[in-house]
Structure formats: C-alpha cells, structure tokens
Amino acid sequence: METLINGLHHVTTLAGDTQRNVDYYTDILGLRLVKKTINFDAPDVYHLYYGNETGSPGTILTFFPYGGIPRGRKGAGQLTYTAFSAPTASLSFWMDRLQERNIPYAGPYKRFSETYLRFEDFDGMGIELVFNDEDQRPAWDNGRIPAEYAVRGFHTVTLNEANPDRTVKLLTETMQHTLVGEEEGRFRFKAGNGGPGNYVDVLHSSNEPRALQGAGSVHHVAFSTDTDETQLTIQQHLLDAGYHVTPVQDRNYFHSIYFREPGGILFEVATNPPGFAVDEPVAELGTNLKLPPQYEPRRATLEAELPKIEVK
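Just so you know, the sequence shown maps onto residues 1 to 312 in UniProt numbering.
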C-alpha cells in the first residue's frame, strides 16, 4: 500500500501576546523561531512557526497571536495536549527548569510505560513532555538547553472526543493509522512505523463540556504527506469517505488541504516540501518578516502595524 500519511506535520494554536509567546517557546522550551510570517487569511496577524533547526515536519508548532483575546476552554471536540519528545535522562533537567522559570507542572506520570510531565503555556495551551529513548531525531543545539536534554519534536497529540468511534474509523480506515494501545479510555494510534512524532491519542471524553476556542486553543492539527501527488490521493480518499475537503491551498512552505473530523477538530494534510528554507537560508530562518507575493505591496504598512519581536 502506498504511504499517504507519515505522521504529524504541525500543530497550529491561537495565542495572546506576541512577545510573551516568543519568549515562552524560544527561551523556556528552547525551540527555534523558524519562520516569521503572517496569517495568509488575516494579514494583520502574525503566523509564527517554531521547530527544530530546519523546521522539519513533526517538530513544528505554530501560532496566530491575536493580542488580548480571551482564553479558550479545554473540552470535547478539541486537541487538548500537544506532547513533545525528550530523552529519558532529561527528566530532572526539565523539572528543575520549569520550577526555576515558575512554570507550574504536574507529574511525573506514567502512560503507556513512558514518563511524562504536563503543564501549560501563558495562554493555557496544554503541553506535555514525554521522556523516552526511542527518539533518534537530532536536537537543535540552541545555546540555551544542552543538546542531550533538548526536545526532539512532537511525540503525541491528544484528541478529546465525546463519541470517538467515527474518529477512530477515519484514522484507521482512511488515514492509515493503526491502533497500538489502549489505557483508561485513551486509544493510541500510530502512522507508518510509529515512534515519537507519529502518534495520535484519542481520549474518550463523554463527560466533558464542549471546548471553547480562544487563546491557548489549538486551531488545527496537520498530518504529513510526502508529495503533491500523495496529497491529491488522500484528498480523493477523504472525498470518497464523505468528507468535505478544501481545494489545495498554497502556504508557501507546504501545500495544504483541510477538513473537519467527525468530532469537529480541524484536520489538515500538509506536504513536506518545499520547506522553510525556500525563501531564506537555514542560518537566517525566522529573522525576517516573510510575506506571500500578494501581500508584498503592503509590506511597509504591515511592518509598521505588527508588534515588534525580539528573540532573546
């Protein structure tokens, strides 16, 4: 069978204050700001991408910082926790680091034989660190966090579903995921060969209130596909299964299609190419405001109106 879905590509979230968002993800978590651009559908708002050194698929967390928007509410019909992968030996380092930065955390806990910590960013976005020795992806040597302790990229995303059966059917019958574990109402699925960055957890959340979107809420989760051709194939499979799928959208750094899964969470399938070095060298990623061609005539206005960003 042709591989259409490789695993996770990126997660996109709503945020409040722009500089506070930059400080949290570059300084506290040690991710790299790999692209500073705008929301293509709302150009007066940044779209900030964080990841590893090159912004590899499966490492990319992105944000639309809308300023003073109210916080969202976690609940059913939402991706509630985005888990990053870190080496087993880094557990004490991260507990100390979070405590030193006055970031409240819960844990360590055990899940599927792995240890994890749980906490939130300044807007209430749910974050986990899963400690394991399975992840062989290189860490970014950022000068803030020793490479042997740094996060490697995503581990898992958790989808809270009031009625998970149809979501499970979508994942297993159309999106090439395989059930690999079940624990206390949590069902783990892998794409491809599995491993960190390729896991999706579906959590049965029938007693939770419906989620409300706001600061700290995940806007959508994107799955990785290799090429434009594999994207069109999965698009047709989704259409055949009865999903309303968008036409292909050019996001400059990847091509995207979008649809709602049965529980209401917005899914995206994004191509791996062309990547973030398409419009600036790897050494300069995230240092300049990059605009799609249609907004270049408005560059001076946008640069004057968008908040100034400093990566410390």
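Backbone N, C-alpha and C define an ideal beta-carbon position, used for all residues, glycine too.
Note that this is a predicted model, so its numbers are computed, not measured.
- Straight-line spacing of the CA atoms in Tyr49 and Lys290 works out to 12 Å.
- In the three-state reduction of the DSSP assignment, Gln176 falls in the coil class, being assigned neither a helical nor a strand state.
- The Cβ-Cβ distance between Asn6 and Asp226 falls below 8 Å.
- With respect to the C-alpha of Asp133, the residue from Asn193, Gly126, Glu114 and Gly124 having the closest C-alpha is Glu114.
- A contact between stretches requires three or more CB pairs, one per stretch, nearer than 8 Å, and the segment 267 to 285 meets this requirement with the segment 50 to 59.
- The way I'd put it, the segment 251 to 261 doesn't touch the segment 294 to 306; fewer than three beta-carbon pairs between them come closer than 8 Å.
- Nearest to Glu161 by alpha-carbon distance, out of Asn207, Pro146, Phe189 and Ala215, is Asn207.
- DSSP assignment within the segment 134 to 183 yields the following whole beta strand (DSSP E) runs of 3 residues or more, N-terminal first: 153 to 161 and 177 to 183.
- Separation of the CB atoms of His219 and Thr13 is rounded to 6 Å, and the pair is thereby assigned contact status at 8 Å.
- Taking a C-beta distance under 8 Å as the contact criterion, Asp23 and Arg71 do not qualify as a contact pair.
- Gln99 and Arg111 have their C-alpha atoms roughly 22 Å apart.
- Contact fails between the segment 32 to 49 and the segment 176 to 185, because fewer than three Cβ pairs, one in each stretch, are under 8 Å apart.
- In this structure, DSSP gives Glu268 an extended state, which the three-state scheme calls strand.
- Annotated three-state conformation of Tyr199 is strand, per DSSP.
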